[in-house]
Amino acid sequence: MYITNFTDSFCFLFQKINIHFFGHPPASYTLYYIITEQCSQWSSFKTTAS
1 MYITNFTDSF
11 CFLFQKINIH
21 FFGHPPASYT
31 LYYIITEQCS
41 QWSSFKTTAS
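Numbered per UniProt numbering, the sequence shown spans residues 1 to 50.
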């Protein structure tokens, strides 16, 4: 449960921070791309699991 909340918060904050500072970076911005990918997989996994 704690991990769920942490991951949700992290993904939410990460997206807010990146959009605020970088706008929408290109896919070549590797770290952003990887984390965004993980976050979207996480949310679809969570939807499936519940």
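Note that the Cβ used here is the ideal one computed from N, Cα and C, for glycine as well.
Discussion item. Would Cys39 and Phe14 qualify as a contact pair, given that the criterion is a beta-carbon distance under 9 Å?
Written reply: By 1-based counting over the sequence shown, the position of residue 39 is 39. By 1-based counting over the sequence shown, the position of residue 14 is 14. Going by C-beta atoms, Cys39 is nearer than 9 Å to Phe14.
Discussion item. Using CA atoms only, rank isn't needed, just tell me which of Ile17, Ser43 and Ser44 is closest to Tyr32.
Written reply: The residue you call residue 32 lines up with position 32 of the sequence shown. Checking every option, the nearest Cα to that of Tyr32 belongs to Ile17.
Discussion item. Just to confirm, is the Cβ distance from Ile35 to Cys11 under 9 Å?
Written reply: Taking the sequence shown and counting its residues from 1, the one referred to as residue 35 is at position 35. Taking the sequence shown and counting its residues from 1, the one referred to as residue 11 is at position 11. The Cβ atoms of Ile35 and Cys11 lie closer than 9 Å to each other.
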